[in-house]
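Protein chains: 2
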Amino acid sequence: MAPTLRDVALRADVSLATVSRVLNGSTRVDPTLASRVRTAADELGYRANLLARGLRRQRTDIVGLVVPQIGNPFFSGLMQAVSRHLQQSARTVLLADAEDDLDLERQVVTRLADHGVDGILCAPVSEQESGVAAAEVAARLPLVFLDRAAADVEADTASVDQRRGIALVVDHLAEVCGGPPATRLISAAPVDSAARARCEAYADAAAEGRVADGAPPLLGEFTVEWGREAVAGLIADDALPQALVCGNDLIALGALAALAEHGVRVPDDIVVTGFDDVGFATLAVPSLTTVRQPLDALAATASELLEQRIAGVEGPPRCELLRPELVVRASTAVAP
Amino acid sequence: MAPTLRDVALRADVSLATVSRVLNGSTRVDPTLASRVRTAADELGYRANLLARGLRRQRTDIVGLVVPQIGNPFFSGLMQAVSRHLQQSARTVLLADAEDDLDLERQVVTRLADHGVDGILCAPVSEQESGVAAAEVAARLPLVFLDRAAADVEADTASVDQRRGIALVVDHLAEVCGGPPATRLISAAPVDSAARARCEAYADAAAEGRVADGAPPLLGEFTVEWGREAVAGLIADDALPQALVCGNDLIALGALAALAEHGVRVPDDIVVTGFDDVGFATLAVPSLTTVRQPLDALAATASELLEQRIAGVEGPPRCELLRPELVVRASTAVAP
DNA sequence: CCACGGGAAGAAAACCTTTTCATCCCGGTA
DNA sequence: TACCGGGATGAAAAGGTTTTCTTCCCGTGG
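Protein chains in written order, with this note's numbering: chain A, 1 to 336; chain B, 337 to 672.
Here it is, written out as structure tokens:
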């Protein structure tokens, strides 16, 4: 059986309280006793039982992180960044994948709460429908939205300025094409807040005449397959515009693949942009012009917001917006 | 404050024991009382405190999963598969990323154990040096190696037959090239068991004359960058062989990118193979011939092994080897 | 009619810590 | 010398469950 505090106390011939104090360094204790305790603990290979500690302290130093799709490299990158940030503050991260499923998301989030996490970082699956589960949880413990938000929930948010990202893309395209280009948006249905913001920003740009697009956007999912399919459709209809604005990099990569299969040259015949700047964006042929989301900064601000709430800071929800950055690569490199 | 079992008991006017029994369905209780308890629990919005439960039961229904690199899509795929499998058996998964760092790995693994997980699935960073931490943990609770193993540790392992995977590649190349081709291996230093197995299998094939390779393998890391770099070196030395056998898909993708940059045509001038079959293998230009590792089966067998150990099954370490599968794509599609 | 067995509910212990509270001893001051 | 304060230590409670052990009641068989 694993040795407990009691075993250490017996061996060091002191009380449980003293052992606890020595090991947590909470109060001054006699150096003699302290060293007795420490050697006893070492000899026994004592390890604190974190369940008991959590139960007593009402605090576990665990935070939960819920992402909608672990398979999307943007989110695995985000998970990595968040993990790294939180490890540093001596926290354990409880990662969870909602698999783009509202029921599963709800399950997973409540399970995290039941496990006594100190707080939750969440990129909700749906802006409208993740709200119920989120609000439920937010009532129990600190919740911070990450990258995306859910409507009607009083919670802090750390995200990237999606509108600005789209603006960067649109301006870049206008410059490259020498005037408002004929474009088409291929993105995901505006179920989550990021997708919606991107769609709206694009629609605004179209309304202002900064791009020429009379056709409705092609809305599916944030996947390679959808990018492929959408482009295949455009080609079948002989409806390829000058430029394709893709809602994220996965869609853009699918689009590039489909274009290549049909012998459409990028950037000569058509230019393509993505969003996120996942690792594979550089590897695509041609390499992908895209909007980089600052993962580290995102992780850092979200962690910071959560830490403050955990520390007990009250106040109205805060909403941090980070600036994205345009990364120009070959997929929009038209000869002058 | 969150309602506790006690609150429910008070409201339903029964004892704590009865509430527990009703909610866990462990024993028959009077239907009247049972329904009183249930409504009371509902009205209060009672949620069991999993820390307290874990403490008492000495079992948490959590398992830990440690991967060496969350950024490698092979591992994020594996994480997804494992999560899915374990969710089904009403388990929570505690995911952790070792960031290819032995110290961090050790830290993370012991932290998981301290948190009272019932067992750990681990893909160790290093075959030789992950052993100490692993053995330490294996003494405390069930540990199963996943995809890779660590030397000198008595633990079950679920992995894919790497040697067979390489054999599939070699045979395929011989067929495509009409005889033992001149090849070169680009892989990672044999720090982990999978890398070593691949290297050895390749070396054996070379020794048997099934490939013609007098030069030493190019060993770096399992990253895109290393693939790029290695190929750039070969091109600089004007030492490109007929075929490149890459240790994993990331390396192969980097290799393809470098070849494309230098105007070397694949598969016309040189053929390239990968290993893992990550999602992006289909998207590469040309699409990548590779060895598919059966993620779902891997997750399933590893989970199964772990469940049995958790259930208390004793016996010598078991080692399950799964069969990989060759996926032929454009990167080796030479005209006859 | 009594005794015994069985089933259901309650009391209390146990899981392992942390932390409050009480105790004790010491030195210092009046 | 007596009292008081302070600092270190130990005892015990608390945190929320599960589970064993007791108790109780009812029905049945002798």
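Cβ coordinates follow ideal geometry from the N, Cα and C atoms, glycine included.
**Request:** Output the residue ranges of the alpha helix (DSSP H) runs that lie fully inside the region 377–453 of chain B and measure 4 residues or longer, sorted by chain position.
**Result:** 386–393, 409–424, 438–450
**Message:** Please report the straight-line C-alpha distance between A/D156 and B/T626, rounded to a whole angstrom.
**Reply:** 44 Å
**Prompt:** So what does A/I322 bridge to, in DSSP terms?
**Reply:** For clarity, residue 322 of chain A is Leu in the given sequence; the question names Ile instead. Its beta-bridge partners are A/V160.
**Prompt:** Closer than 8 Å, CB to CB, is A/L102 near chain B or not?
**Reply:** no
**Request:** Classify A/Q58 as buried or exposed, calling it buried when 16 or more other Cβ atoms lie within 10 Å of its own Cβ.
**Result:** The residue is exposed, with fewer than 16 neighbouring Cβ atoms inside 10 Å.
**Beta-carbon proximity check, B/V429 vs B/L401, cutoff 8 Å** = Contact: yes.
**Item:** C-beta neighbour in chain A for B/P603, strict 8 Å
**Value:** no
**Request:** Would you please verify whether the beta carbon of A/T332 is less than 8 Å from any beta carbon of chain B?
**Result:** Closer than 8 Å to the CB of A/T332 there is not a single CB belonging to chain B.
**Request:** Please state if the CB of A/T332 and the CB of A/V211 are separated by a distance shorter than 8 Å.
**Result:** no
**Request:** Using alpha carbons as the reference points, say which of A/L306, A/L321, A/T4 lies closest to A/E314.
**Result:** A/L306
**Sequence-distant residues of its chain with Cβ nearer than 7 Å to B/A510 (five each side left out)** = P516, P517, R546
**Request:** Could you tell me the distance, in whole angstroms, from the CA atom of A/E225 to the CA atom of A/A189?
**Result:** 14 Å
**Message:** Please confirm whether A/D131 has its beta-carbon closer than 8 Å to some beta-carbon of chain B.
**Reply:** The sequence shown places Gly at residue 131 of chain A, rather than the Asp named in the question. Chain B, which has no Cβ nearer than 8 Å to the Cβ of A/G131, makes this no.
**Asked** When you check each C-beta in the region 449–481 of chain B against every C-beta of chain A, which residues fall closer than 8 Å?
**Response** A449, D450, H451, G452, R476
**Asked** the region 635–651 of chain B: which residues have C-beta closer than 9 Å to a C-beta of chain A, in chain order?
**Response** none
**Straight-line Cα distance separating A/S287 from A/V264** = 15 Å
**Asked** Of all the CB atoms in chain A, is at least one closer than 8 Å to the CB of B/F410?
**Response** It does not; no Cβ of chain A falls within 8 Å.
**Prompt:** What residues match up with A/G220 in a beta bridge as DSSP calls it?
**Reply:** A/A188
**Asked** Hey, how far is the Cα of A/A311 from the Cα of A/G119?
**Response** CA-to-CA, the gap between A/A311 and A/G119 works out to about 10 Å.
**B/Q424 classed as buried or exposed, judged by whether at least 16 other C-beta atoms fall within 10 angstroms** = exposed
**Request:** With a threshold of 16 other CB atoms inside 10 Å of the CB of B/E490, please say whether the residue is buried or exposed.
**Result:** exposed
**Message:** Between which residues of its own chain and A/L340 is the CB-CB distance below 7 Å, once the five residues before and five after are set aside?
**Reply:** For residue 340 of chain A there is no data in the structure shown, the boundaries of chain A being 1 and 336.
**Prompt:** In chain B, which residues lie with their C-beta within 7 Å of the C-beta of A/Q80?
**Reply:** I406, G407, D433
**Prompt:** Are the region 409–422 of chain B and the region 69–86 of chain A in contact at 8 Å, needing three or more beta carbon pairs?
**Reply:** yes
**Asked** DSSP three-state call for A/R329: helix, strand or coil?
**Response** coil
**Prompt:** Is the beta carbon of B/A530 less than 8 Å from the beta carbon of B/D585?
**Reply:** no
**Message:** Using C-beta distances below 7 Å, list every residue in its chain close to B/E557, excluding the 5 sequence neighbours before and after it, in chain order.
**Reply:** A524
**Asked** Going by the beta-carbon positions, is the gap between A/D277 and A/V327 smaller than 8 Å?
**Response** yes
**Prompt:** Can you tell which of B/D528, B/V527, B/R520, B/A593 has the C-alpha that lies nearest to the C-alpha of B/A542?
**Reply:** Out of B/D528, B/V527, B/R520, B/A593, B/R520 has the C-alpha closest to the C-alpha of B/A542.
**Request:** With 9 Å as the C-beta to C-beta threshold (strictly closer), list the residues of the region 607–633 of chain B near chain A in chain order.
**Result:** G615, F616, T618, L619, A620, V621, S623
**Prompt:** A/A41 to B/A636, Cα distance in whole Å?
**Reply:** 39 Å
**Message:** Tell me the rounded alpha-carbon separation between B/E656 and B/D439.
**Reply:** The straight-line gap from Cα to Cα measures roughly 28 Å.
**Message:** Using a Cβ-Cβ cutoff of 8 Å, what residues of the region 358–370 of chain B are near chain A? List them in chain order.
**Reply:** Against chain A - using a Cβ distance shorter than 8 Å - the region 358–370 of chain B contributes no residues.
**Asked** Pick from B/Q578, B/G583, B/A537: whose alpha carbon is nearest that of B/L555?
**Response** B/G583
**Request:** Determine the contact status of A/G252 and A/T273, defining contact as a CB-CB distance below 8 Å.
**Result:** Checking the displayed sequence, the identity of residue 252 of chain A turns out to be Ala instead of Gly. Yes, these two residues count as a Cβ contact at 8 Å.
**Request:** Answer yes or no: does any C-beta atom of chain B fall closer than 8 Å to that of A/V245?
**Result:** no
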